[in-house]
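Please read the structure below before turning to the comments.
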Amino acid sequence: MNDLATGALRAGPALRIDADRLWRSLMDLAQIGATPLGGVRRITLTDLDRQGRDCVVRWFEAAGLAVRVDAIGNIFGRRAGRDPGRAPVVAGSHIDTQPSGGKFDGNYGVLAGLEVVRTLDERGIRTEAPLEVAVWTNEEGTRFTPVMMGSGVFAGVFPLEHALARTDVEGKTVGDELRRIGYAGSAPTGTPVGAYFEAHIEQGPILEDTGNTIGVVTGALGQRWYDVTVTGMNAHAGPTPMALRRDALLAAAQLVVEVNRIAHGEAPHGRGTVGYMQVAPNSRNVVPGEVRFAVDFRHATDAGLEAMERALRAACARVGAACRVTVALEEVVYFPPCRFDADCVAAVRAGAAALAHRHMEIVSGAGHDAVYVARVAPTAMIFVPCKGGISHNEIEDALPAHLAAGCDVLLHAMLARAGVAA
Ligand code: HGY
Ligand code: MN
Ligand code: MN
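The sequence shown begins at -6 in the working numbering and counts up by one.
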């Protein structure tokens, strides 16, 4: 029998990826944007993002993948299947990071997809359906909102022109920055996907605390993000009597406390964070006249998100009146709680069981590109533990054995959906 024919035999439960090669590729990519504390700062559409993209494209091409880039900069590496007419089974994630990001958030899902391809090539295994590895543009939403931008355009959630026109705090647009780094692609976006799997670190403590290696992700919390602008009056910190002040930062500080209180009131699934704040004029002896800050709300139900928004609007009115400032609230991100495809979730669960990894069902507190891809294709995610559940932090860490286990589950779930050519 030729190699490809025996490939089907080799695709049994004993098939494993190369854990050392996966770890090396993660460490090599992490050099691009490496930070002193061992993290990665590779913000979307910066020169470091370009370097990361170039590196991954080189690896895709070296693995024999046909590479294309779409109009929002999403990168796809395609491995032919026996039946070119079938929609591809896709694995992917993102390589843009938070300003104080880690080595694994996003990067793991892309490099696990590449490791699956490398393993199949090594073993001479051809699939029935084509496979693709995807790198989604601007998942983090830290420089340009909305979050999960590339996958959102791909899934038709955001019009392409709307995304290309989004600006950062310096007024640079997504479109200009894509052109500047050479990733304003011409490939069509929204191409067919037979099934999508995303391997990701959990970014929370549950798997580690419960001794599970694999998280069978059944869905993700819904999110609402707001930009809040508080407008008072700049004033001299000395002669201005306390009673006459219109202090925007005093009001903003009270609203930060309110965001936290609202989230606690929606336990166990409510989440509320103010992670970004700009104070103007930001001078030590001037009563601040303007404060802009971001609110990130999350919940397991739409009703919960709506209740949190109502409470926030009431707090803005109350605090605004008390501090004699105006408070403007603008919603910049919304997506409802999502449930992943039952058959894809079952493929993940079956892979974990066949590989004898302790596993549990889990709902993602983080948003992921899978949330938008799930709108257009059967989708599921695979979680692995990260150290102390810490992420969006330079000390983010994970065990090579856990990363390899998740990649093995990804391999078997993809083969289950793509089929192995005889
Ligand atoms: O914010 C999130 O949930 C994701 O990390 N972008
Ligand atoms: Mn991520
Ligand atoms: Mn992230």
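From the three backbone atoms N, C-alpha and C, an ideal C-beta is built for every residue, glycine too.
Contacting residues, own chain, Cβ-Cβ under 6 Å from Val325 (five flanking each side not counted): Excluding sequence neighbours, Val325 sits near Thr138, Trp218, Asp220.
Cα-Cα separation, Val402 to Leu248: 44 Å
Asp98 beta carbon less than 8 Å from that of Ser384: yes
Residues of its chain near Val312, where Cβ-Cβ distance is below 6 Å and the 5 sequence neighbours each way are ignored: Ala244, Gln247, Leu248
Cutoff 8 Å; reference Glu163; Cβ partners in own chain excluding five residues on either side: There are no such residues.
First through last residue of the alpha helix (DSSP H) which encompasses Met142: Run containing Met142: 142 to 147, per the alpha helix (DSSP H) assignment.
Span separating the alpha-carbon of Gly381 from that of Ala148: 33 Å
Coil, strand or helix - Phe53 by DSSP: Phe53 sits in a helix when the DSSP states are folded into three classes.
Ser86 Cβ short of 7 Å to ligand 2 heavy atom set: yes
Residues near Ala273 by beta carbon distance below 6 Å, same chain, minus five either side: Glu283
Straight-line gap, Leu124 to Asn100 (C-alpha atoms, nearest Å): 18 Å
Residue span of the beta strand (DSSP E) that contains Asp289, given as start and end: 283 to 292
Cβ separation of Leu396 and Leu15, assumed to be a contact under 8 Å, to the nearest whole Å: 6 Å
Gly471 Cβ short of 7 Å to ligand 1 heavy atom set: Given a span of -6 to 415 for the chain in the structure shown, any question on residue 471 remains unanswerable.
Buried or exposed (CB count within 10 angstroms, at least 16 for buried), Leu2: Caution is warranted here: a pLDDT of 49 is assigned to Leu2, below 50, making its placement in the model unreliable, and the coordinate value is therefore given only provisionally. By the neighbour-count rule (16 or more Cβ atoms within 10 Å), Leu2 is not buried but exposed.
Sequence ranges, alpha helix (DSSP H) only - wholly within the region 61 to 118, length at least 4: Those alpha helix (DSSP H) runs which fall completely within the region 61 to 118 and span 4+ residues are 100 to 115.
Span separating the alpha-carbon of Gly399 from that of Ala7: 15 Å
8 Å Cβ cutoff met for Arg410 and Ala188: yes
Whole-number beta carbon distance between Cys309 and Gly225, since they are thought to touch under 8 Å: Not quite, the Cβ-Cβ distance comes to about 14 Å (not below 8 Å), so this is no contact.
Inter-residue Cα distance where the pair is Thr112 and Gly344: 16 Å
Contact check, Asp289 vs Gln216, beta carbons under 8 Å: For Asp289 and Gln216, yes; Cβs fall inside 8 Å.
Where Ala367 falls, given that 16 or more other Cβ within 10 Å makes a residue buried: buried
Proximity winner among Ala260, Ala241, Ala230, His292, relative to Asn278 (alpha-carbon distances): Ala230
Nonlocal neighbours in the same chain, by C-beta distance under 6 Å from Ile68, ignoring five residues either side: Val62, Val128
Nearest-angstrom Cα separation, counted from Val103 out to Ala122: 19 Å
CA nearest to the CA of Ala256, picked from Tyr269, His292, Asp240, Gly268: Closest option to Ala256, Cα to Cα, is His292.
Neighbourhood of Gln44 by C-beta distance below 6 Å, restricted to the same chain and skipping five residues each side: Ile25
Spatial neighbours of Leu157 in its chain, beta-carbon cut-off 6 Å, leaving aside the 5 residues before and after: Val167, Gly168
Distance, Ala391 Cα to Cys379 Cα: 5 Å
N-terminal and C-terminal residue of the alpha helix (DSSP H) that Glu420 is part of: There is simply no residue 420 to check, as the chain begins at -6 and stops at 415 in what is shown.
Chain-order list of residues whose beta-carbon lies under 7 Å from that of Asn205 (same chain, five-residue window excluded): Here the set comprises Arg351, His352, Met353.
Cβ pair count under 8 Å reaching 3, the region 71 to 79 against the region 174 to 182: no
C-alpha gap between Val223 and Pro92, whole angstroms: Roughly 25 Å between the two C-alpha positions.
Proximal residues to Glu387 (C-beta, below 7 Å), its chain only, five neighbours per side dropped: So the qualifying residues of the chain are Thr28, Leu30, Gly31, Gly32, Ser93, Gly95.
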